[in-house]
Amino acid sequence: MRGRGAAKILVGLLLVALLLSGCGTSGGSGEEFVFGVVLVGPYNDHGWSEAHYRAAEYAVEKLGNARFVYLDKVNAADRPNTTLEQVIDDMVNEGATMILTTSDDFAADTDVVAAKYPDIPFVHISGDHAKTGAAPANIANFMGRMEYGKAIAGCAAALKTQTGAIGYVGPLINSETRRLASAAYLGARYCYDTYRSSDAQDLRFVVNWIGFWFNIPGVTLDPTDVSGDLINSGVDVLISGIDTTEAIVVAGQRADRGEQVWAIPYDFEDACSVKPEVCLGTPYFNWGPSYVRLIERARKGEQDGQLEWEAPYWKDINDSERSLVGFVEGDALTQEERDTLHQYIADLASGKAKLFVGPLNYQDGSSFLADGAEATDDEIWNLPQLLEGMEGASN
Amino acid sequence: MTVRDLARKLGLGVIPFALAVVTSTVIILALGANPIEAFGNVIGGAYESWAKVADIAMAMVPLLLASAGMLITFAAGLWNIGVEGQMLAGALMTTWLVESIEGPAAVMLPLSVLAGVAGGALWGVLIGLLRVYGGVNEIFAGLGMNFVGSALTNYLIFGPWKPERGATMSGTDPFPLEVWMPMIGHTRASWLALLLAIVAIAVVFIILRDTQWGLVLKAIGLNPVAANRMGVNTNRHLMLALMACGALAGLGGSLQTTAIYHRLIPQITGGNGYLAQLVVLLSGLRAQWVPLVVLFFASVQVGSPRLELRMQLDSSLGGVLQGSVVLFYLLVNGVRQRLGARNR
């Protein structure tokens, strides 16, 4: 008896599923252009993801007759039962005809999903599979040359530090994060040498990695703890390399207790607002104008499956209509420090100050660049190690 | 079954559900959104296409397997909160296999299933040893082992099994195609994974209803001391129950790697080990109701992301709906038993 009951239930279930599956909805919204944006963190994280969210809003405003759908917190911790493929299926159902996946973490999955939708242009931000050949033809890669923003951040840190020790709160370890941490170090070293007439050999630069782009309790190290530990070890300027704002929050708390510490957040233009009085500035992404260009290109069917690595607009890196990479100066900088920083930015712009230029060794002491040699884009993009003089894990 | 019985049973199912809907409605209204639109989006998001039905089917697989396992331990009176760890152990063992050897699908797929089953069973035995010989309550043994399992998973993903380009939350490198469970057409549903889950729940149903062992487990569950006096080796059967549950849950974890994610990721279980506890409670510890409850949970899970895409509501509202159904079920059940006791 019971057995038959169970069979009936199973059949019933199947029928319900069959019936309901018929009630589809179709979204036809005329000429309106719909693009989908997949965010790895919360859309309001005051960091990486919020910068992308704002860019999507900016693009809608500029383009007209366009709309975007987004899903944030797409990662294994926040949405353990959601795959990127499911997210993008949903977006396509909502009418999206272009998709931007905005995290390094989506690299492999974007390849798989893009192959499933060959007619939809995908832009994978910060990856390089379009260049390495791992990606199908409908994926383009896009990234900003944030190494300049990081170098300016490193410079600001070096101008300010009283203890001669700078801490870098790093996310996970890969070529992008090694590149950015190293750029911050190079900027710091240059400015310590050039403008403070101190010996860069005496500058400590400590990188502590938390394990992911933001805190995931039980999985990553807690960036709040990592920031605190760095300060306890004698660091007085924290440079954040992660998506979220813990470094400046911790520096703010310690400053409230009377300590002389400062911080440099990352990614998002308004990140200093967390605690302006300890903020030396923020290197940030201004993705909006690039989004407009990428979307218009895709709309015309002219996306070409390349890796594009866009430099700051050197005439004014904070030109919101033009520059992808910028640097907001923080309230904690003195006028003199600002002037020096402007000098450094001008020297970067003119090419007088160079970042990855020899003599330069890798962290293990092996030679990277001979005296006067400049690194190629590929060498910078694929940086295999941190640099000599930096403390912290390379792999 | 009398009409009154039927009415009672229906009440037990419908009233908690209705109360949960009311609760969710209040929350949605408080958020300033339209509840009808919200529920419509969840249902539409879950059933708008065959692809979605396939997703629901696959979301049901781990939950069915974990719940099937829990039915066995619940029958023996065990609060086996360690199902989550048993799923992890299955996923880890399967990944270890994939990291260690290569072979054609005909070899790798059966081996991957066996590895998952063995990993989960072993984990169950460990909890059993702690309980039977260590005198540790299975709730704490299981919970402790869950944390061990999750730490071990993270260590392996960020350590020995990390991809060449660097360790990341997105897990290991994808498995070779030989270890992908076969799919139905272009959907994401794997018929083999589904089949294994359906067979599992059916077998557990039969074990508990028709076999000597099912009877023994129930006797232990009702009164272990009395069962022991009657000559039942309770320790042995408790171990076996935990092992059987572990085997099923381990298979669930294994299929998460071979049929859904095609690699090992942190939180590979998707919390299904914990969700299974709710499923089994909500089904009144009866195997025949488990698929229906699992279908409900899976539908909400697949449908609710659309709340965000269309309405900017947090999709964890789906979780509120799931959780409140269980709470109200327990509440209604409790009230009913109290009233029943008073009437007597």
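Protein chains in written order, with my numbering: chain A, 1 to 395; chain B, 1001 to 1344. Glycine residues also receive a C-beta, built at the ideal position from the N, C-alpha and C atoms.
- A/P42 sits away from A/D90, with the two beta carbons spaced by 9 Å or more.
- In the three-state scheme derived from DSSP, where H, G and I count as helix and E and B as strand, B/M1087 is classed as helix.
- With a threshold of 9 Å between beta carbons, A/T340 makes no contact with chain B.
- Taking a C-beta cut-off of 9 Å against chain B, none of the residues of the segment 267 to 297 of chain A qualify.
- Not a single CB atom of chain B sits nearer than 9 Å to the CB of A/L159.
- B/G1246 places its beta carbon 9 Å or farther from that of B/L1327.
- Listed by position along chain B, the residues whose Cβ is nearer than 7 Å to that of A/N174 are R1165 and G1166.
- Where B/S1254 is concerned, there is no enclosing beta strand (DSSP E), although the alpha helix (DSSP H) around it starts and stops at T1234 to L1255.
- Boundaries cannot be given for A/G241, as no beta strand (DSSP E) includes it and DSSP labels it neither H nor E.
- B/P1160 is outside the set of residues whose beta carbon lies under 9 Å from a beta carbon in chain A.
- Here DSSP, grouped into helix, strand and coil, assigns B/G1135 to coil.
- Among the residues facing chain A, B/R1188 is included, as its CB has a counterpart in that chain under 9 Å away.
- Identification of chain B residues near A/D90 by a Cβ-Cβ cut-off of 8 Å yields G1045, P1305, R1306 and L1309, ordered along the chain.
- Collapsing the DSSP output to three states places A/E308 in a strand.
- Residue A/L355 holds the alpha-carbon nearest to the alpha-carbon of A/E147 among A/L355, A/G392 and A/A393.
- If you draw a 10 Å sphere on the C-beta of A/P283, you find 16 or more other C-beta atoms in it, and that means buried.
- With distances taken between CA atoms, B/L1031 lies nearest to B/E1308 out of B/A1244, B/E1308 and B/Y1155.
- When 7 Å is used as the limit between beta carbons, B/D1005 is near no residue of chain A, the shortest such separation being about 13 Å.
- Counted as a single uninterrupted DSSP element, the alpha helix (DSSP H) harbouring B/P1224 occupies residues P1224 to R1229.
- Contact of B/Y1329 with chain A is not assigned, every C-beta pair being separated by 9 Å or more.
- Residue range I139 to G144 is occupied by the beta strand (DSSP E) that includes A/F142.
- Per the DSSP secondary-structure output, A/G167 pairs in a beta bridge with A/V206 and A/L238.
- Taking C-beta atoms under 8 Å as the contact rule, B/A1298 and B/L1063 qualify, at a distance of about 6 Å.
- If you draw a straight line from the Cα of A/G252 to the Cα of A/S394, it is about 29 Å long.
- Excluding the 5 residues flanking it on each side, A/A108 has no same chain C-beta neighbour closer than 7 Å.
- Residues of the segment 1274 to 1308 of chain B with a C-beta less than 7 Å from any C-beta of chain A: Q1288, P1291, L1292, L1295, Q1301, P1305, R1306 and E1308, listed in chain order.
- Taking 9 Å as the CB threshold, A/Y70 lines the interface with chain B.
- With respect to A/F205, A/Y190 sits apart: the two C-beta atoms are not nearer than 9 Å.
- Take the alpha-carbon of A/N174 and the one of B/D1173: they are about 15 Å apart.
- Counting every other CB atom within 10 Å of its CB across the protein chains shown gives A/Q162 a total below 16, marking it as exposed.
- Bounds of any alpha helix (DSSP H) do not take in A/T282; it lies within the beta strand (DSSP E) bounded by G281 to F285.
- Of all residues in the segment 1070 to 1092 of chain B, none places a beta-carbon less than 7 Å from a beta-carbon of chain A.
- A distance below 9 Å separates the beta carbons of B/G1069 and B/V1204.
- Under the DSSP definition of a beta bridge, B/A1202 lacks any partner.
- When CB distances to chain B are screened at a threshold of 9 Å, the residues of the segment 195 to 226 of chain A falling below it are G211, F212, W213, I216, G218, V219 and T220, in chain order.
- In the displayed model, B/R1286 falls within coil according to three-state DSSP, outside both helix and strand.
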